[in-house]
Amino acid sequence: MAATVSIVRCSDYQEHLVYQRIKEAVDLVGGMASYVSPGETVLLKPNLLIGRPPEKCVNTHPLVVKAVARMVQEEGAVPLIGDSPQLDSAQKACDKCGIGESARELGVDIVEFEPVDVQNPSGKVFKSFTIGKVLQEVDKIINLAKLKTHSLTTLTLAVKNMFGTVPGARKGQWHVRTHTAGPEYFAQMLLDLFCLVKPALNIVDGIVAMEGQGPGFGEPHPLGLIIAGADGVAVDRVIAEIVRIPIEQVPVLEVARRDGYGVWDLEQIVIKGEPLDQVKVSDFKAPQFRDMMAKIPRPVMRFLKASLTTRPAIIQEKCVECEMCLRACPRQCITHPASGMHINTDACIQCLCCMEICPEGALALRPGRLLKLYAGIRRLRGRN
Numbered sequence: 029m030a031a032t033v034s035i036v037r038c039s040d041y042q043e044h045l046v047y048q049r050i051k052e053a054v055d056l057v058g059g060m061a062s063y064v065s066p067g068e069t070v071l072l073k074p075n076l077l078i079g080r081p082p083e084k085c086v087n088t089h090p091l092v093v094k095a096v097a098r099m100v101q102e103e104g105a106v107p108l109i110g111d112s113p114q115l116d117s118a119q120k121a122c123d124k125c126g127i128g129e130s131a132r133e134l135g136v137d138i139v140e141f142e143p144v145d146v147q148n149p150s151g152k153v154f155k156s157f158t159i160g161k162v163l164q165e166v167d168k169i170i171n172l173a174k175l176k177t178h179s180l181t182t183l184t185l186a187v188k189n190m191f192g193t194v195p196g197a198r199k200g201q202w203h204v205r206t207h208t209a210g211p212e213y214f215a216q217m218l219l220d221l222f223c224l225v226k227p228a229l230n231i232v233d234g235i236v237a238m239e240g241q242g243p244g245f246g247e248p249h250p251l252g253l254i255i256a257g258a259d260g261v262a263v264d265r266v267i268a269e270i271v272r273i274p275i276e277q278v279p280v281l282e283v284a285r286r287d288g289y290g291v292w293d294l295e296q297i298v299i300k301g302e303p304l305d306q307v308k309v310s311d312f313k314a315p316q317f318r319d320m321m322a323k324i325p326r327p328v329m330r331f332l333k334a335s336l337t338t339r340p341a342i343i344q345e346k347c348v349e350c351e352m353c354l355r356a357c358p359r360q361c362i363t364h365p366a367s368g369m370h371i372n373t374d375a376c377i378q379c380l381c382c383m384e385i386c387p388e389g390a391l392a393l394r395p396g397r398l399l400k401l402y403a404g405i406r407r408l409r410g411r412n
C-alpha cells in the first residue's frame, strides 16, 4: 500500500508564513477536513522535551503548534495540547518554551498525561503500555514532531515523538527494560507504541532542525522544510533521505523494514510538493560516533561492547550540580559526592536521559577505547 508525504518549503518562523506553509503541506495530503471533523476533540502532541526557548531548537516551535491548533479550530474541532516531559509538568514546560503563550492566545487547554495501563493486542512484541489517559479520551491525535538528531536513535521524528505519550519517568523504565537487546529492540517498542496510539496526521517541524548531538544540545540547522503525512514511518523515511542518513543507521526505519511496520520503501511513497531530489542536503551532521557504530558487525559489538560503545561523561567545568541528571537516570547510577556529579559507567545503560535533561549541556559522549581509535584512523584517512 502506498503512502503520501508532502514536502513544503518554509524559510523562517514568521507566524503568517508558518500557517500558510503548514496549511499547504496538509492540503497536499488531503486537507485538515479529512483528518478531523466538527465537534471532535483533537490532541496536538508536540515534541516537548524540556522547557527551553524556541531558538534552541529542542522542542516543536510554538508557531507550528499555534498554526495547527488554529487549523483544527477552523474545522470546528477542539484542540488540546499535551505531552509528558520527563521532569517538568506539561504546563511549566510549555510556559518556558513559548507554547503556553500560543495556547492562551487561541484559548487552547494544555493537558497533563495521567497514567493508564492499556493492552496492545496487535503489537508485534510489546503487548501492553502505560500511556496518558487523555489519549484514550480524545477523538484524534495530531503528531507535531521536531526534526532532530538523537544520540541513541540517530533521528527523532514522527515515530519517536510518540514516546512522549508515556508519562514522565516511566520512559526511563523502558530504557532499562530494552537496553540489553540494543537500539533495535528499543525501536521495536517505539513502533509498537506508535501503532497503538495511531496519530491521524504527522507534521514535522524542519524549518530549523537540530543536528549533531541531539536531542537536547545539538546545533541548529536551517533546513526550511515542513513534512507531513498520515503514515509516520513514511514521513520518517522521507526525512532520512533528505538529510542523507542511511536507513541502516536509523533503528526505527531498520526495524520497520525488517518487520513490516508502515511504508518504509521510497518506491511506495508518493511525494507531493517539493521534489525529493531538490531538498536533499549534504551537510547535515549525524550524532557523533553513531555512523561509525552502525558499520561495526554486531558479533564484534557484542564481544567488545565496552570498548566500542559510547557513554555519557560529565563536563565538570559546565556542571552547576543541579542534580537534574541524577533525578532523570532510570538506573540511579549518577551520584553527587563532594567532588561533583559522578556517573557509574559500569551501571550506565546508555539511555542518555541525563544528556536530554541537562539544562547546561554539561554532558558529552565519551567513546570506548576502540571506537576512539577507529575515529582517529578515519580522521587520518580523510586527510590523505
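Each residue of the sequence shown is one higher than the one before, starting from 29 at the first, in the numbering used here. Glycine included, every Cβ here is placed at the ideal spot set by N, Cα and C. Just so we're clear, the structure is a prediction, and the values are computed from it rather than from any experiment.
Asked: For the 8 Å Cβ check, are there 3 or more pairs between the segment 351-366 and the segment 107-122?; Found: yes
Asked: Using a Cβ-Cβ cut-off of 8 Å (strictly less than) and excluding sequence neighbours within five positions of V266, which residues of its own chain qualify?; Found: V33, I35, I255, G257, L294, I297, I299 and L304
Asked: Between the segment 204-212 and the segment 121-135, are three or more C-beta pairs nearer than 8 Å?; Found: no
Asked: Going by DSSP, what residue range makes up the beta strand (DSSP E) through Q147?; Found: P143 to Q147
Asked: Whole angstroms are fine: how far does the CA of N87 sit from the CA of T181?; Found: 17 Å
Asked: Could you pull out every residue in the same chain whose Cβ sits closer than 8 Å to the Cβ of A30, ignoring the five residues on either side in sequence?; Found: V291, Q296, I297 and V298
Asked: Excluding sequence positions up to five away, which residues of its chain have a Cβ less than 6 Å from the Cβ of I176?; Found: According to the sequence shown, residue 176 is Lys rather than Ile. Cβ neighbours of K176 beyond the five flanking positions: T184, M238, G242 and P243.
Asked: Would you tell me roughly how many angstroms separate the C-alpha atoms of A53 and G196, rounded to the nearest one?; Found: 31 Å
Asked: Does V162 have its Cβ less than 8 Å from a Cβ in chain C?; Found: Protein chains in the displayed structure number just one, and chain C is not present.
Asked: On the three-state DSSP scale, how would you describe L45?; Found: helix
Asked: What does the alpha-carbon distance come out to for the pair D374 and V348?; Found: 24 Å
Asked: When you compare the CB positions of P74 and L221, do they come within less than 8 Å of one another, or not?; Found: no
Asked: Go ahead and label T363 buried or exposed: buried means 16 or more other beta carbons lie within 10 angstroms of its beta carbon, across all protein chains shown.; Found: exposed
Asked: Tell me whether I267 sits in a helix, a strand or coil according to DSSP, three-state version.; Found: helix
Asked: By alpha-carbon positions, which one of K84, A215, I170 and G128 ends up nearest to M99?; Found: I170
Asked: By DSSP, does M320 sit in helix, in strand, or in coil?; Found: Here M320 scores only 49 on pLDDT, less than 50, and its place in the model should not be relied on; the value that follows carries that caveat. Three-state result, M320: helix.
Asked: Return the Cβ separation of K94 and S130 in integer angstroms, given the expectation that the two are a contact with Cβ distance under 8 Å.; Found: 4 Å
Asked: Where DSSP assigns a beta bridge to A31, which residues make up the other side?; Found: I297
Asked: Going by the CB atoms, is the gap between P340 and I385 shorter than 8 Å?; Found: no
Asked: What three-state label does DSSP hand K152 in the structure shown?; Found: coil
Asked: Would the beta-carbon of L224 fall within 8 Å of that of G288?; Found: no
Asked: Per DSSP, which one or two residues make a beta bridge with D123?; Found: Note: D123 sits in no beta bridge, so no partner.
Asked: Rounded to whole angstroms, what is the Cα-Cα separation between P315 and R285?; Found: 22 Å
Asked: Assuming R272 and K308 form a contact by the criterion Cβ under 8 Å, report the distance between their Cβ atoms to the nearest whole angstrom.; Found: 6 Å
Asked: Helix, strand or coil for P211, going by three-state DSSP, please let me know.; Found: helix
Asked: Please tell me whether K174 and A228 are closer than 8 Å, where the distance is taken between their beta carbons.; Found: no
Asked: Can you give the beta carbon distance from V232 to V263, rounded, assuming they're within the 8 Å contact cut?; Found: 6 Å
Asked: For the beta strand (DSSP E) containing G110, name the first residue and the last one.; Found: V106 to G110
Asked: Please report the distance separating the alpha-carbon of S310 from that of K161.; Found: 42 Å
Asked: Which value, in whole angstroms, describes the spacing of the CA atoms of Y41 and L91?; Found: 7 Å
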